Structure formats: C-alpha cells, structure tokens
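J.: Here it is: the structure, laid out below.
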Amino acid sequence: MRTLHLPSGRCPRALATLAFYLASLLATGCSAAMPPSASAAPPSPPPPSMAADGPPPAPAAASGSGYAPPSAPSERGAPTGPAPVAPGNAAGPRGAPSKGPPATTPRPTDKASATAASATAPAVAPLLIYTGDLSVQVEDGEVALTLDKVVELAESLGGYLAGRKDTSVQVRVPSARFRDAFSHLEKLGEVMHRSVTADDVSEQYSDLEVRLTNLRATRQRLQELLARAGGIPDVLQVERELERVAAEIEQIEGKMRFLRSRAAFSLLTVNVAVRPRTVAKVVETTPPPVQVDLPIDWLSRIGLGRLLNLRDR
Amino acid sequence: MTMKTPMLWAPLLLLACAACGPRATVQTPSGFAELEDQQEYVYRAATADGVALSVRAEKNQPHGNLDFWALALDGQLRRVGYAPEGPAAEVHTQSGLSGRETRYTRVENGRKYRFWLAVFVTERRVWVVEAGGDEERVKGAVPAGIQKAIESLTVG
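In order, the protein sequence lines correspond to chains A and B.
Going by my numbering, the first residue of the first sequence is number 2, and it counts up by one from there.
Going by my numbering, the first residue of the second sequence is number 3, and it counts up by one from there.
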C-alpha cells in the first residue's frame, strides 16, 4: 500500500479533490487485476475477434487424407482481421509497442461502443493458440528440398519462417489457413507423426483487458487532476503517478499484442527424415534337402575328433 | 581219431578265423609312425606334431555301392560342420581299387583343420581312409605323402 504525503494548509478545496482522486486511484490500483465492479469500472470489452471483426473466413476444405485437423482457429475466435500483425512487427514481449491499439482491439475508452459490443455478443469466443507438429519421411537427398517447400508453402499462405535446422523447420502461418497448411504439408512425404494442440489463453487475455481498461480510466482521471493541480509538489506527485500508470499500460498492451500475434499465427513444426532403404532380401525359395540320419553307427565316429585322439584305439 | 581231436582243432580254427579279419596296408608317409594295437582302425599312423592317417574297415551293411557310401559319409560330415573344399574326386589305388576322395575344412575353437576322406567299397567291406590335422601342419610334404598313402592302399 502506497502512502501519499500531501502538503496541507493551502487551497483546501483543491487538496480535498486531490485526496479524493488519489484515494480512488489507490483503490483502483489495488484491484486492477480484479474484474471491475459494475459501478467502479467500465465493462470489459469482448475479445478482439468478437468486438471488431466480422465473421472469420471459412476454413479450407479438409484434405482427403482422412486426418481432420481442428477447425480453423478463426472459427473459435482467433483474431483474423484483414491486417494481422505483420511478422516483422509482431510485437512480442520484447517487441516495440505499436502506436495505438490494433484495429482488432476495441478502444477501452470508448465505453459506449465496448458496452454495446458486450451486450450484443452472444458468447465469449475463446482465444486459442494452435501448435502443430508433423514428421514426414522422404527419399534420400530430398530433405533440404522438402524443408524449402515448407517455407515456400508458409509464405504462400501469408506466413513466415520461424526457425530452421538441418532436418526440421518451424513456420508460422495465419491461423485461418492452419488447416490448409497442414493438409498441404502432409503431402510432402510419408507422414510418420502428426499432432495439433490448442492453448486457450482467453482468460489471460480477458484479465489483461480489464486491467488495461481500468488503468486507462485512471490515467484519464490523473490527467484531469493534473490540469487542476495548483502547486508544484502536487503536479510532481500526479506526474509520477501518471508515469507509473503509463508504464503499466504499455506493459499490458505488449502482453496483449503478443497473445494476439500467437493466436493469429499458428506455429507449425515439420521434421523431415530420410526414409530407410528397403533392403531386398534374397529369400531362398528352395530349402536345402533334408539330411537323412542313416542307422549306421560307425558313421558318427568318422572325423578328426576320433582320428586325432591317438590314445583312443 | 579219438574224441579229443575236435577239442584240439577248435582253438586252432578260432585263431585262423581271427587271422582272416580285414587287413589293409598303406605306405606310411615320411614323417609318420604307424601305431600298433589299434582296434577301431585297421591301420593308423601319425606324425609327432599331430597329423594322423588311418584306415577303417566296416561291414558293407546295409549293402551299398560306392555312390551310396560316398554320399552317406559326405552327408554325415557336412551335418557336423565339415565344409568341402571342392567336389569329390575319383581316386584309384595302385592295387586297382576305385574310390572317391573329398577334402574338407573345419574350424574348431578358432583353429582351422583340414580333413581328407577317401572311401573304397568292396563286396563285403567299406574301406575308409581318413587323414587330417591342424591346417598349419598339413603342409609341405605332408599332403603329397598322404595322397601317396591313399593310392598305395591294399585291402584283404
């Protein structure tokens, strides 16, 4: 709990107002991670895909391989806006924060639109991060070529190369094209293993949204307070608080961008191995003739064993 | 003649029959010494370093020809691990016998051995000449001496 020491004796009305705002600010800061109450904070906006995007594009048809990857993430609410986070600018935790919220994120300060979106949203769609693994076998000498094909395919679908080793490659493809990509990749060789996992980060994202909304409201109030602050100490105090709130806002925005980026682009890992050569075994179709054991006792005494045992007469 | 006469002739007849058993002679190769008082073999000789040469005489029962006995012996040896160095070869003795000779190798305890087998068949007997020893010792003049011994076989 942080304590503020304010100067007394001057401008009691302004002080009273400042004290009231700071007290409410402290209270907000302590409960930033908590869902906002109906009276204290604006309602949380829905996940980005619901709030701003239209219906996601229909997933590509499943291939005829019999394997049915999960429905395209877009069906489950992954952000699939017309301008997904660009690979180079995909702001992760360490990425440079973009200026202003992305198009898919509702403006928390626009309370009316957020409230309206919440009210019209039929259900909260999950925010899923898809990860796929595929192991294929190819002919000897085709490993590098196959890895190249994986990268080319990812790029043709709007994805990008995430990492490459001698026998494996990681690509990120737009989640809406995840199934499409998987189907194409399965045709690159003989599939030995495949797996798809979905990590639901809806709750984490929702918490971040709530905290962001509250912090922005706090920042607004602090800015109003700053405009009315009389003395320099008051101004300094409010500015320090504004800085702290701004830093927190940036941090949360960065986390949210990271989650959106991960949900927008699914990670696909393709391992390529050389198909073991089939060694043609020469099978003798004609078995050797059966050896007949003749009922002649002395035959078994023929040989070096008895011959060289000179003491045996 | 008295009653004692048959009793006197009986032991003499038994001795004569014993002397009529199978007999074989070969020219003992140089470096070999003939071993006496052999029971299983009618002839046996050996070098001091362990190469042996022997002749055994078995009854031709079941009655078979040279093909029969050559195949019977070859099958037995292959069954217990002898590997032929080549196909069987006809061999003729100076006494007019015709037989079949096969040379084998065998590995035992990491050592390679050579084993020669020659078989001759008469109406009543099967004569089997065996010779062999460690590969390192069946060399030089030894193989020629063994071959000469085989060809010098006389049976009776």
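We put the beta carbon where it would ideally sit given N, CA and C, even for glycine.
Because the structure is a prediction, the values reported are computed rather than measured.
Under 8 angstroms: do the segment 64-80 of chain B and the segment 121-141 of chain B share three or more Cβ pairs, one atom per stretch?
T.: yes
J.: Beta-carbon within less than 6 angstroms of Leu260 (chain A)'s beta-carbon, same chain only, minus the 5 sequence neighbours each way: which residues are those?
T.: The beta carbon of Leu260 (chain A) is closer than 6 angstroms to those of Val202 and Tyr206 in its chain, skipping five residues each way along the sequence.
J.: Could you please tell me which residues of the segment 30-43 of chain B, in chain order, have their CB closer than 7 angstroms to any CB of chain A?
T.: Leu37, Asp39, Gln40, Gln41 and Glu42
J.: Using C-beta distances below 7 angstroms, list every residue in its chain close to Arg307 (chain A), excluding the 5 sequence neighbours before and after it, in chain order.
T.: Excluding residues within five positions, the ones whose Cβ falls inside 7 angstroms are Asp313.
J.: Can you name, in chain order, every residue of its own chain whose Cβ lies under 6 angstroms from the Cβ of Ile250 (chain A), other than the five neighbours on each side?
T.: Leu216
J.: In three-state terms, what does DSSP make of Ser97 (chain B)?
T.: Looking at Ser97 (chain B) - three-state DSSP - the assignment turns out to be coil, as it is neither helix nor strand.
J.: Given 8 angstroms as the limit, is there contact between the segment 101-116 of chain B and the segment 31-42 of chain B, that is, 3 or more CB pairs closer than that?
T.: no
J.: At least one CB of chain B closer than 7 angstroms to the CB of Arg314 (chain A): is that the case?
T.: yes
J.: Quick one: Cα of Ala91 (chain B) to Cα of Val121 (chain B), how far?
T.: 11 angstroms
J.: Going straight from the alpha carbon of Arg178 (chain A) to that of Leu158 (chain A), what length do you get?
T.: 7 angstroms
J.: Cβ of Gln138 (chain A) less than 7 angstroms from any chain B Cβ?
T.: no
J.: Quick one: residues in its chain with C-beta nearer than 6 angstroms to the C-beta of Leu209 (chain A), no 5 flanking neighbours on either side, listed in chain order?
T.: Only Ile253, Lys256 and Met257 meet the Cβ criterion.
J.: Helix, strand or coil for Gly255 (chain A), going by three-state DSSP, please let me know.
T.: Gly255 (chain A): helix per DSSP, three-state reduction.
J.: The segment 49-68 of chain B: which residues have C-beta closer than 7 angstroms to a C-beta of chain A, in chain order?
T.: Gly52, Ala54, Ser56 and Glu60
J.: DSSP three-state call for Gly77 (chain B): helix, strand or coil?
T.: Helix.
J.: Give a yes or no on whether the C-beta atoms belonging to Glu140 (chain A) and Arg263 (chain A) are separated by under 7 angstroms.
T.: no
J.: Name, please, each residue of chain B whose Cβ falls closer than 9 angstroms to the Cβ of Ser169 (chain A).
T.: By Cβ distance, chain B contributes nothing, its closest Cβ being about 48 angstroms from Ser169 (chain A), past 9 angstroms.
J.: Applying the criterion that 16 or more other CB atoms from any shown protein chain within 10 Å of the CB defines a buried residue, is Pro290 (chain A) buried or exposed?
T.: exposed
J.: Would you kindly report the start and end of the unbroken alpha helix (DSSP H) that includes Glu153 (chain B)?
T.: Val144 to Glu153
J.: Output yes if chain A places a C-beta closer than 7 angstroms to the C-beta of Glu103 (chain B); else output no.
T.: No, Glu103 (chain B) does not count as interfacial toward chain A.
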